[in-house]
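What follows is one structure encoded as C-alpha cells, with my remarks underneath.
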Amino acid sequence: MRTDSSSRRNELPTSGAHPEPPEQQNSTAKRTHPSGTVAGVLLMISTVALGLTAGLLFTFGMAVMPGLAATDDHTYVTAMQSFNDTIQSNWALAVLFVGVLPATVAAAVLDYRSGRGAAARWAAYATVLYLVALLVTAGFNIPMNSDLAAAGNPSTMTDFAIVDRFKTSWVAANALRAALCAVALGCLTRALVLHGRSTATTGRVEGSRQTDR
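In this text, residue positions in the sequence shown follow my numbering: the first is -2, and each later residue adds one.
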C-alpha cells in the first residue's frame, strides 16, 4: 500500500507547474500565429490605400467636377479626356485602386484564421462595400469615360450632349462610389483597431503568464 501511495505522489504535478487556462492558450495562439502578423500588415496597407482612393474620389466630387461644370462644354470635354488619359496611364493609381480588394480579402481571411473574429468581420464588411464601389465604377463611370474618349477631338465635336450625361449620371455614380469607399474605410479602420487591441491584450496575457512562472 505504501508503494502505491508513493507512486501516486510522484505522479502529482510538481510545484511551480501551472497549466494554462484555455483562454490563455487561445490568446497565446493568437499572438504567435504567423497569419496574424501578416493580417496586421495587410490591414495597414489596405487602410492607407483605401484612404487615398476615397480621397481622390471625394476631391473629384467636391472640387473638380463642380469646377468643370462652371466652364464651357469644349473645356469640360478637353479636361475630362485629359484626366481620364492621365489616370488610365498611371500604373500606381491602377495598383492602388485595384489592389485594395485582394489585400482586404486576405487580411479578413488571415485574421479569421488567427482567431481574431471581430477584426475579420469588419474587414469583410469593408471588402463587400469596396466591391460594390468597383462594380459602380465598372458599370457606370468607365463606360461613360469610354464614350467620352470615343467622341474624339473636342475642337471638332458638334454634339456635346455627353457633357450633360457627365454632369448628372457620372457625377452621381462618383458620389456613390466615394460614399461606399468612405464607409469601407471606416470599417477597415475599425478592423485595424480591433486587430491591434487583440494583439495588445494577448501580449499582456503572455507577459502575465511569464511573470507567474
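Cβ coordinates follow ideal geometry from the N, Cα and C atoms, glycine included.
**Prompt:** Near ILE42, what residues of its chain come up, given a Cβ to Cβ distance below 7 Å and the 5 sequence neighbours on each side ignored?
**Reply:** Around ILE42, the same chain offers ALA100 as residues with beta carbons nearer than 7 Å, after the five sequence neighbours per side are excluded.
**Request:** Pull up the distance between the alpha-carbon of ALA120 and that of ALA158, whole angstroms please.
**Result:** Rounded to whole angstroms, ALA120 to ALA158 spans 41 Å at the Cα level.
**Message:** By alpha-carbon positions, which one of LEU65, PHE80, PHE137 ends up nearest to TYR73?
**Reply:** Looking at LEU65, PHE80, PHE137, the one whose alpha-carbon comes closest to that of TYR73 is LEU65.
**Asked** DSSP on MET154, reduced to helix/strand/coil?
**Response** Of the three classes helix, strand and coil, the one that applies to MET154 here is coil, per DSSP.
**Prompt:** Between ALA175 and VAL97, what straight-line distance do the alpha-carbon atoms span, to the nearest angstrom?
**Reply:** For ALA175 and VAL97, the distance between alpha carbons rounds to 14 Å.
**Selected residue, minimal CA-CA separation from VAL129, among ALA91, THR155, VAL180, PHE80** = VAL129 has its Cα closest to that of VAL180, out of ALA91, THR155, VAL180, PHE80.
**Item:** 7 Å CB neighbourhood of ALA170 in its chain, flanking five on each side removed
**Value:** A distance below 7 Å between beta-carbons, with the five flanking residues on each side excluded, links ALA170 to the following residues of its chain, in chain order: VAL133, PHE137, ASN138.
**Message:** I need the DSSP call for ASP227, collapsed to helix, strand or coil.
**Reply:** The shown model of the chain, from -2 to 210, leaves out residue 227, and the question about it has no answer.
**Message:** What does the Cβ neighbour count give for ARG113, buried or exposed, with the cut at 16 atoms within 10 Å?
**Reply:** The Cβ neighbour count for ARG113, taken over all protein chains shown within 10 Å, is at least 16; the residue is labelled buried.
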